[in-house]
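Have a look at the structure below before the remarks.
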Amino acid sequence: MKSPESKFSLSRRIVRLAQLRRKYLSDNTSMFVVAAIVGLITGMAAALLKWIIALISLLLTSGYHAAAANWQFLIIPVAGIVLTGIFVRYILRIDVTNGTSKLISDVRHKMYRLNPRITYGSMIASSLTLGFGGSAGSEGPIAYVGAAIGSTLGRLARFSPRLMKIMMGCGAGAGIAGIFKAPVGGFLYTLEVLRMELSTISVMAVLTSAVIAAMTAFVCSGFTIDLVFDGIHTFDPSLTVWYLILGLFCGIYALYYSTVMARMQRVYDHISNPWLRNLSGGVILAAAVFMFPVLYGEGYSSMARILACDSEVISGGSAFGLTTSASTILLMAGGILLLKSFASSAANSSGGVAGDFAPTLFAGCIAGFLFASFFNFAGLSSLSVADFAFVAMAGVMAGVVRAPLMALFLVVEMTGCYSLFLPALIVAAVSFGVVRLASRSRFFRLS
31 MKSPESKFSL SRRIVRLAQL RRKYLSDNTS MFVVAAIVGL ITGMAAALLK
81 WIIALISLLL TSGYHAAAAN WQFLIIPVAG IVLTGIFVRY ILRIDVTNGT
131 SKLISDVRHK MYRLNPRITY GSMIASSLTL GFGGSAGSEG PIAYVGAAIG
181 STLGRLARFS PRLMKIMMGC GAGAGIAGIF KAPVGGFLYT LEVLRMELST
231 ISVMAVLTSA VIAAMTAFVC SGFTIDLVFD GIHTFDPSLT VWYLILGLFC
281 GIYALYYSTV MARMQRVYDH ISNPWLRNLS GGVILAAAVF MFPVLYGEGY
331 SSMARILACD SEVISGGSAF GLTTSASTIL LMAGGILLLK SFASSAANSS
381 GGVAGDFAPT LFAGCIAGFL FASFFNFAGL SSLSVADFAF VAMAGVMAGV
431 VRAPLMALFL VVEMTGCYSL FLPALIVAAV SFGVVRLASR SRFFRLS
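Okay, here's the thing in structure tokens:
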């Protein structure tokens, strides 16, 4: 424990550094310097979080059997939610759940001073939730971590409230850019999701932070991408009608997904006992993962296999048994699509610390796979399952998150596949339009 004298000495050094900053650097120059540092630190944090989650998952799933039921999945997800709840309530003692929602609220209410403990608390809690099988993503926690890093460094630099807000945006955007290795997607997160009003100079600061974070995460991960989409993929204009229909399907599914998430959130909000909340969510999550192990964790490896046209990932390790029957795989894909929203909500709303973006990408991948496979199976078309799974990722995410540009750029940047940019744009736009039109109804407004 630091003595009062050492704390006082540290405070004096911080004040001295702030004075030197004001003396030799303008506010704009200081903003870019700190934005670059925020991007560097947040990018390393994103890579570290990914590595920890992967390590925990690897250790816990070492006994996985693709051709038989995996009974351990009835225990592991429950343990993850309970351990996360214990850590947040009794050790961290800061509510770090629903990071994106809290960031939106903080920006709206001009609360730019975040607790520095969020920087490590969110990472530990998220690692427990996702490493133990939480069917969600790491983007919400890392965005919260990045915003806390930006807030802390901005406070040390004695920035004004205006610059503190920009630093939070830099950190949050850097978090998304680092976790997805998508700098433009991270930048658009601050505009479409956080809805921050940025000037030209602050836009450049956020972009600087996002680019540095993405490059840092890319280097730290050994120059690899999380979602490999190999092969030659081109846009066939004759399939435009099919892409429009897929966009409609994605929009309708996005409405279902959002409604389930919202209503389950309300149910959990009415459960005052934290232990009951943790256990109930863990049980729902465990049941879903036991039936369909493809729902375990963030799902990037499963998405990569679907994009590689490996349909066995749908039934692998399932309680229903491994199958290669096309009709059975279609039924199982439909079941996964219906259960995904419940599994994600259980991981997010019952006390787990996770994000909402990766689940929509996974759901979109399954939706596109189901759409193309169904029409191919029925003999009505000969669609590329991989291409339709890819563009549907942008479609479902655009509809659920209601951020079409961010969804579009995240998908193409994280895979490096820009050749399908136009069909992904079509599907995302139609899906978003369907959700916007439907949200005018009283039913979906209440949801």
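Per this note's numbering, the sequence shown starts with residue 31, numbered consecutively.
No residue lacks a Cβ here, since even glycine has one placed at the ideal position from N, Cα and C.
Quiz item: Mind checking Glu227: buried by the 16 CB within 10 Å criterion, or exposed?
Solution: exposed
Practice problem: Would you check if there are 3 or more beta carbon pairs closer than 8 Å linking the segment 344-358 to the segment 126-136? | Solution: Result no; under three Cβ-Cβ pairs closer than 8 Å.
Quiz item: From this set, Thr127, Val108 and Ile456, which residue's C-alpha is nearest Val421's C-alpha?
Solution: Ile456
Practice problem: Return the bridge partner residues of Gly167 from the DSSP annotation. | Solution: Gly385
Practice problem: Tell me where the alpha helix (DSSP H) around Gly365 begins and ends. | Solution: Ala356 to Ser379
Quiz item: Helix, strand or coil for Ile282 per DSSP?
Solution: helix
Quiz prompt | Inter-residue spacing [alpha-carbon to alpha-carbon] between Gly161 and Ser268 | solution = 43 Å
Practice problem: Kindly indicate which residue of Ala416, Glu328, Arg470 and Ala468 has the alpha-carbon position closest to the one of Ala454. | Solution: Ala416
Self-check item: Own chain partners of Leu122 with C-beta closer than 6 Å, once the 5 adjacent residues on each side are dropped
Solution: Gly151
Quiz item: Taking all protein chains shown into account, do 16 or more other C-beta atoms lie within 10 angstroms of the C-beta of Lys140, making it buried, or fewer, making it exposed?
Solution: exposed
Quiz item: Between Tyr94, Ala243 and Ser190, which lies nearest to Ala76 when the distance is taken from Cα to Cα?
Solution: Put simply, of Tyr94, Ala243 and Ser190 the residue whose alpha carbon is nearest the alpha carbon of Ala76 is Ala243.
Quiz item: Just to check, is the beta-carbon of Gly446 closer than 7 Å to a non-hydrogen atom of the ligand FAD?
Solution: As far as ligands go, the structure on display features none, and thus does not contain the ligand FAD.
Practice problem: Assuming Gly69 contacts Thr354 (C-beta within less than 8 Å), just tell me the rounded distance between them. | Solution: 46 Å between Cβ atoms; not a contact.
Quiz item: Out of Gly164, Gly252 and Phe399, which has the shortest C-alpha to C-alpha gap to Phe342?
Solution: According to the sequence shown, residue 342 is Glu rather than Phe. The residue with the shortest Cα to Cα distance from Glu342 is Phe399.
Self-check item: Separation of Ala316 from Ile105, as counted between CA atoms
Solution: 7 Å
Self-check item: Alpha-carbon to alpha-carbon, Ala459 and Ser414
Solution: 20 Å
Self-check item: Contacting residues, own chain, Cβ-Cβ under 6 Å from Arg466 (five flanking each side not counted)
Solution: none
Practice problem: Measuring alpha carbon to alpha carbon, tell me which of Glu222, Leu193 and Thr182 ends up nearest Pro146. | Solution: Ranking Glu222, Leu193 and Thr182 by Cα distance to Pro146 puts Thr182 first.
Exercise. Give the single residue among Asn128, Gly364, Tyr287 and Gly110 whose Cα lies nearest to the Cα of Phe322.
Key: Gly364
Quiz item: Could you give the distance in angstroms between the alpha-carbon of Leu369 and the alpha-carbon of Ala338?
Solution: Distance between Leu369 and Ala338, taken at the CA atoms: about 23 Å.
Exercise. Grab me the residues of Ser157's own chain with a C-beta within less than 8 Å of its C-beta, minus the 5 sequence neighbours each way, in chain order.
Key: Leu79, Ile82, Ile83 and Ile86
Quiz item: Assuming Ser514 contacts Gly312 under a Cβ cut-off of 8 Å, what Cβ separation, rounded to an integer in Å, is found between them?
Solution: Residue 514 lies beyond the stretch modelled for the chain, which goes from 31 to 477, so this question has no answer here.
Exercise. Compute the Euclidean distance between the alpha carbons of Glu169 and Gly205, then round it to the nearest angstrom.
Key: So the two alpha carbons sit approximately 7 Å from each other.
Quiz item: From Thr254, Ile275, Val324 and Phe418, pick the residue whose C-alpha is nearest to that of Ala99; which is it?
Solution: Considering only alpha carbons, the answer is Val324.
Quiz item: How would you label Asn58, buried or exposed, when you count the other beta carbons within 10 angstroms and need 16 or more for buried?
Solution: The residue in question, Asn58, is exposed, as its Cβ has fewer than 16 Cβ neighbours within 10 Å.
Practice problem: Please work out which residues of its chain come closer than 8 Å, Cβ to Cβ, to Phe62, disregarding the five sequence neighbours upstream and downstream, and give them in chain order. | Solution: Cβ neighbours of Phe62 beyond the five flanking positions: Met234, Ala235 and Thr238.
Quiz item: Is it the case that the Cβ atoms of Arg143 and Arg192 are separated by a distance below 8 Å?
Solution: no
Quiz item: Roughly how many angstroms lie between the CA atoms of Ile301 and Arg307, to the nearest whole one?
Solution: Their backbone Cα atoms lie some 6 Å apart in a straight line.
Self-check item: DSSP-derived helix/strand/coil call for Ile124
Solution: Coil.
Quiz item: Is it right to say Leu367 is buried, meaning 16 or more other beta carbons lie within 10 angstroms of its own, or is it exposed?
Solution: buried
Exercise. Check the C-beta distance from Phe392 over to Ile314 and give it rounded, since I have them as a contact under 8 Å.
Key: Not quite, the Cβ-Cβ distance comes to about 17 Å (not below 8 Å), so this is no contact.
Quiz item: Which of helix, strand or coil does DSSP assign to Met245?
Solution: helix
Quiz item: Among residues of its own chain, excluding the 5 on either side of Ile148, which ones have a beta-carbon nearer than 7 Å to its beta-carbon?
Solution: So the qualifying residues of the chain are Ile124, Val126, Tyr174, Val175 and Ala178.
Quiz prompt | C-alpha gap between Ile154 and Ala109, whole angstroms | solution = If you draw a straight line from the Cα of Ile154 to the Cα of Ala109, it is about 15 Å long.
Practice problem: Report buried or exposed for Ser403, applying the criterion of at least 16 other Cβ atoms within 10 angstroms of its Cβ. | Solution: buried
Quiz item: Quick one: what does DSSP say Phe481 is sitting in, helix, strand or coil?
Solution: Lying outside 31 to 477, the shown extent of the chain, residue 481 is not represented and no answer is given.
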